[in-house]
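For the record, the sequence lines run as chains E and X. Residue numbers for the first sequence, in our numbering: 767 to 1024. Residue numbers for the second sequence, in our numbering: -2 to 430. Each residue gets a CB set at the ideal place from its N, CA and C atoms; glycine is no exception.
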Amino acid sequence: MSSTAPILELRGVNKSFGPVQVLKDVDLSVYSGQVTALVGDNGAGKSTLVKGVAGIYPFDSGEYLFDGKPVHISEPRAANALGIEVVYQDLALCDNLDVVHNLFLGREQSKGVILDEITMERRAKETLAGLSVRTLKSVRQQVSSLSGGQRQTVAIARAVLWNSKVVILDEPTAALGVAQTEQVLNLVRRLADSGLAVIIISHNMNDVMRVSDQVACLYLGNMAAQVRSDQLNHSQIVELITTGRSGELGLHPETVAG
Amino acid sequence: MSIQTTDTDIPEAGDTAGIGQALRDYWGRVKGGEVGSMPAVLGLIALVVLFSVLQGNIFFTALNFANLLNQGTAIIVLAMGLVFVLLLGEIDLSAGFAAGTCAAVLGVTLTNQGWPWPLALAAALATGLVIGLVLGVLVARLGIPSFVVTLAAFLGLQGVMLLIIGEGGTIPIQNEFLLAIMNNNMPVWAGWLLWLVIVLGYAGTSMRAIQNRRKFGLASSATSVWAAKVGALAVLLGIGVYVLNMERQIVRVGREACVVVGPPNEPVGCVPVIQGVPWAVLVVLVLLVVLTFVLGRTSYGRHIYAVGGNTEAARRAGIGVSGIKISCFMVCSFMAAIAGVLLASRDNSVSPTTGGAQTLLFAVGAAVIGGTSLFGGRGRVIDAVIGGLVVAVIANGLPLVTQQSGIQYVVTGGVLLVAASVDAISRKRTSAG
């Protein structure tokens, strides 16, 4: 399918909040050109894992390899610098700003002290065109006037604007209707097909089966299994999510019990 | 990014074919909840018409027009600073007494200590920055609601001011330069030069922006729209300068310069020439241009809007949220310091009431009436000017109509409530859209 070495690899990472150990020796491999679905029940540690990757809550211990090289990610900017971008469930868009402003939020292009609106607007249009986005009327629309799907598109476009290599999507379809879910899933597939590594968090098994190449399942802070999705079916994933095991796959019984 | 580009492009909705289309676009935005300064401009026109009908012979005169600007200047400057804090969705209730405190520092250092005026002025402005720094740190780092922090500062600064001045005391300001800001006018030619510079400057920069956008094939407003805007600006400012350049002295004997006033060539006495644009107007214009530039054209300004619109999104985008907050409180108190200097200049003195009474409420009212949202994220510096003019017209016109101060308070409070309602309703509309 694509290169054999993972672009991003975690080995035995741990994370605790006070006395609660949220992540226990978690391994994860993410490959360019593939969609890796990260699944797990509420409280399994999906968000914590993603936030660790993004540098929001740095891991307590364990190895973090990017492009085969160990890196230390202690803040979001360090992750951004490597080309890791996260699209959060709440999208983190500013309603009072227009599409261009949101795409470049925090990383505005300037000539001297003056914002370079023209360069930003052109790059915004190029990026949206590159994603085959045709649903936006104008890139100077305020985000408050956009639909849920359009907002998701803007958030994803922001993630790929920066020559990113890994894009993490947190429940991108959770709040969307049928047609808009379809649009966003197509967009996710296009991102991977164009060579990006995509991590998608989802509770929707249909979405997971449709769009992902790999499934990584967290169970109570443990990585139950990371498997190619064509080797799994719907019910096996559900079993992994709910019990941490499915036949040969999954955690040792004692780990599950512990 | 290696995503293959397709030859599809986003259709342009922003291309305005002409003035008609531009007006339709604007109306569409208004219906969508982005009312901006429109209610304030309409209100300003309505109030001017109303007072002119009721008391035209006093209200609608060159003298009163100048008075009105004089009364409104400090409020406008204070409101400009408040816009920065309101953009964050915060409030600064202490700005009025921050102005008073800074004026007190000016008075004490200048008059009592005999410092040279630039040093005294610098001390007053620095005091503003320090006040803002303290407020900002308490709000941004400790996370105390700004309402409480600035309410405490409202009381505290009132006390600090009394301590600086000494109870019951009034400190006169005698420095000519400082007094000139609020009491002297530009020569007539300078007023017209200022008019020319503003109109040409606006026409030039906006034309360059349009041409730049066209060069890169981006949507831009039509030349006819540009011409209409420049024309409207030239006419409005022209009327203002023309009126302010008229002789507005009512016959009174005394002072140095002499002119002949009265029926044709009938000398009735020596009176000072009072004509020209007040220097204070230049101060307001400079602040307006500088702050508008900062908010609209720099990434710092963009970050202020981002923090006000969605603090969490701003934080995740790598924007230093607490730094932005602290700096906005500092801008606000710094502007309050300038307002304090203007008040001292206007009153020729500093007293414990400087910056007190309704000063702050008028300033908050000015910003909100002008179209700055109390919920954060929406507002411009020009709002403070437009809203400040509305407040000044009410404060100036109402006493001409009724002597009852009760009615004056009720009306002013009512106007603020109407403005806040417009703000709340338009916010509902935009979030519903």
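Asked	Found
Complete runs of the alpha helix (DSSP H) confined to the segment 957 to 1002 of chain E [at least 4 residues]	971 to 977
Which of helix, strand or coil DSSP assigns to X/P275	strand
Amino acids of chain X, ordered along the chain, whose beta-carbon sits closer than 8 Å to that of E/I884	N209, R210, F213 and L215
Residues near X/T308 by beta carbon distance below 7 Å, same chain, minus five either side	V318
Delimiting residues of the alpha helix (DSSP H) encompassing X/Y239	T220 to L241
Chain-ordered neighbours of X/S296 on chain E, where CB pairs are closer than 7 Å	E874, S876 and L881
Integer-rounded CB distance, given that X/L85 should sit under 8 Å from X/G373	6 Å
Straight-line gap, X/G251 to X/I271 (C-alpha atoms, nearest Å)	Residue confidence for X/G251 is low, a pLDDT of 44 falling below 50, so the modelled location carries little weight; the figure read from the coordinates is stated next. Computed Cα separation, rounded: 13 Å.
Minimum C-alpha distance to X/L126 - residue among X/S49, X/A206, X/L371 and X/S330	X/S330
Cβ pair X/S203, X/V185 closer than 9 Å	no
E/K817 to E/L935 span [Cα, whole Å]	12 Å
X/T308 beta carbon near the ligand SAM (any heavy atom closer than 8 Å)	Judged by which ligands are present, the structure shown has none, so any question about the ligand SAM falls away.
Proximity winner among E/G849, E/L986 and E/V977, relative to E/R994 (alpha-carbon distances)	E/V977
CA nearest to the CA of X/E244, picked from X/L357, X/A200 and X/A59	X/A59
Uninterrupted alpha helix (DSSP H) stretches inside the segment 782 to 862 of chain E (no shorter than 4 residues)	812 to 820 and 842 to 848
Beta carbon proximity, E/I822 to chain X, threshold 9 Å	yes
Ranges of the alpha helix (DSSP H) found wholly within the segment 31 to 70 of chain X, counting only runs of at least 4	35 to 56
Contact list for the segment 359 to 384 of chain X against chain E, Cβ threshold 7 Å	G374 and R375
E/N780, DSSP secondary structure in three states	strand
Length of the line joining the Cα atoms of E/G961 and E/S795	16 Å
Chain E residues whose Cβ lies nearer than 7 Å to that of X/A303	C860, L863 and L871
DSSP beta-bridge partners of X/D420	BP columns for X/D420 are empty, so no partner.
Top-ranked residue by Cα proximity to E/V819, from E/V932, E/V909, E/R906 and E/Q787	E/V932
Sequence-distant residues of its chain with Cβ nearer than 7 Å to E/Q907 (five each side left out)	D864 and V865
DSSP three-state assignment for E/I1007, whether helix, strand or coil	helix
Proximity below 9 Å, CB of X/A76 to CB of X/G385	yes
Strand pairing of E/D864, partner residues [DSSP]	E/Q908
Beta-ladder partner(s) of X/P169, from DSSP	X/S346
Touching by the beta-carbon criterion (3+ pairs, under 8 Å), the segment 65 to 76 of chain X and the segment 38 to 52 of chain X	no
CB of X/I88 within 9 Å of CB of X/V361, strictly	yes
Same chain, Cβ closer than 7 Å to X/E263, five either side skipped, listed in chain order	Residue confidence is low: X/E263 scores 47 on pLDDT, short of 50, so the model does not pin down where it sits. No coordinate-derived value is stated.
Pick from X/L288, X/Q400 and X/A277 that is closest to X/N468, judged by C-alpha positions	Since the first residue of chain X shown is -2 and the last is 430, residue 468 of chain X is not available in this structure.
Whether X/V196 touches X/A19 by CB criterion (9 Å)	no
Within 9 Å, strictly: CB atoms of X/V412 and X/G33	no
Residue range of the alpha helix (DSSP H) that includes X/I379	V378 to V398
Test: E/E1014 CB closer than 9 Å to a CB of chain X	no
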